[in-house]
Structure formats: structure tokens, C-alpha cells
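Numbering (my numbering), first residue to last: 4 to 228. Backbone N, C-alpha and C define an ideal beta-carbon position, used for all residues, glycine too. Note that this is a predicted model, so its numbers are computed, not measured.
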């Protein structure tokens, strides 16, 4: 059987089932009297000045469903989509302290729509990060404007180092790149989610987990979980 290369897999819509290059998410602190669009414009000018070229747009969204009280034990399902993997739907089922990740195709969205007697959508918490996508050398940078119920919440910067699939091998390079781009706001520590996975091959679900972690922080800051 012929192996499918990552490039061929992407064309076929199967990217979510092959390893990805290392990615890190970073919240960018908002400055008083600067709006979301102004912040994105500021960061765009900065990354372009470094030699980056804009290559399209991106979108990551998340909708959360809660189980009905009649089921007894509270269960939560987070359903996410990433424009980098358009053929895939990502879901995380939370029940107590247990989290079960799942990657499915677009039919999963239809399944959730048919399960309204079991799970109800928390529409007011639907959240997304979208914006321009840039390439600069071996890096891919995405500047995401985060909105919840159409209300601006903040800016998320995603950085991908394309030659590497093991976080431990790329963290120092990504950290130096981020600090050169965003300044002292970047921590010297790897993202919390990846700290126990630094020597594992990076997978699409790792990106989704990072987005869900940040989306949860924005929701908590709003007082809506």
C-alpha cells in the first residue's frame, strides 16, 4: 500500500489524521484604547516588517453542549472546527475528571443536531478565533481575533514551526521567534497543555486542545462557562 504524504493528505482532506508541525498559542495583551481590529493591524504591520507574506485567512470555532439534567451525571461536549482541516470535526467529551477526544467527519455536526433531547447547545458561549494567516521562512503565523456571541474578547497568536513534529525539538526556536515578534509578553515556559507531551509527535488534536484551553479562559473572564 502506498503511503500518503502529508501534502497529498491535505489535498484529500485527511490532514487531521497525520502528524502536524509544532504549534503554540499565545494570548496577546490588549492595550487600553486600542480596539481588536487596531491590534490585528498593529501585529500585521509588525510581522510584515519582518518579511512575512499573507497567505489567506483561518478560522477555529467552538460550540459547547451540556447534557440534560435527566441524565444525572453532568456531561459536556465541546465541538470544534479548524479551517486547516476542513474535512474534520473535533470533539471533546468531559465527564467528571475524564476527557475523551474524538475526530470525526462533517456528519458529526448533524449527529449533534439530532441529539437535542440529550445535549443542548450553550449558544451564548459559542466562540471563535479568525484572521489573517502569514508565512515567514519556516514559520506560519496566524493572528486571531477572538469573539464570543459576536463580542470581541481578545487576540490569539498561533505560531507553527513547519520542519519539526516533536515539541521538545522546536520549543526554543518558537520561543525566540515569539519573543522577537511579541516581546516580553511571551513566557519562557512551553504552554501548560504541552509540557507533558514535549517528546511526543504533535497531532491535530494538540492544536484543538490548546484552543479549547484559551477559549475557556476567555469564557471565564466573561463570567460565562
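Using only the alpha-carbon positions, how far apart do residue 15 and residue 57 sit? In this prediction, residue 15 scores a pLDDT of 33, lower than 50, which makes its location untrustworthy; the coordinate-derived value is nonetheless stated afterwards. Roughly 24 Å separates the two Cα atoms.
Between residue 62 and the rest of its own chain, which residues show a CB-CB distance below 6 Å, the 5 nearest in sequence each way excluded? 86, 133
First and last residue of the alpha helix (DSSP H) that includes residue 40? 39 to 52
With DSSP as the reference, please indicate the residues paired to residue 78 in a beta bridge. 98
Cβ-based neighbour list, residue 211, same chain, cut-off 7 Å, excluding 5 preceding and 5 following: 83, 85, 93
Environment of residue 162 [buried if 16+ CB atoms lie within 10 Å]: buried
Which of the three DSSP states, helix, strand or coil, is assigned to residue 6? A caution first: residue 6 carries a pLDDT of 36, below 50, which makes its placement in the model unreliable, though a value can still be read off. Three-state result, residue 6: coil.
Kindly indicate the opening and closing residues of the alpha helix (DSSP H) around residue 115. 110 to 116
Considering just the uninterrupted stretch of the alpha helix (DSSP H) at residue 223, what are its terminal residues? 207 to 225
Secondary structure of residue 198, DSSP reduced to three states: In the structure shown, residue 198 sits in coil (DSSP, three-state: anything other than H, G, I, E or B).
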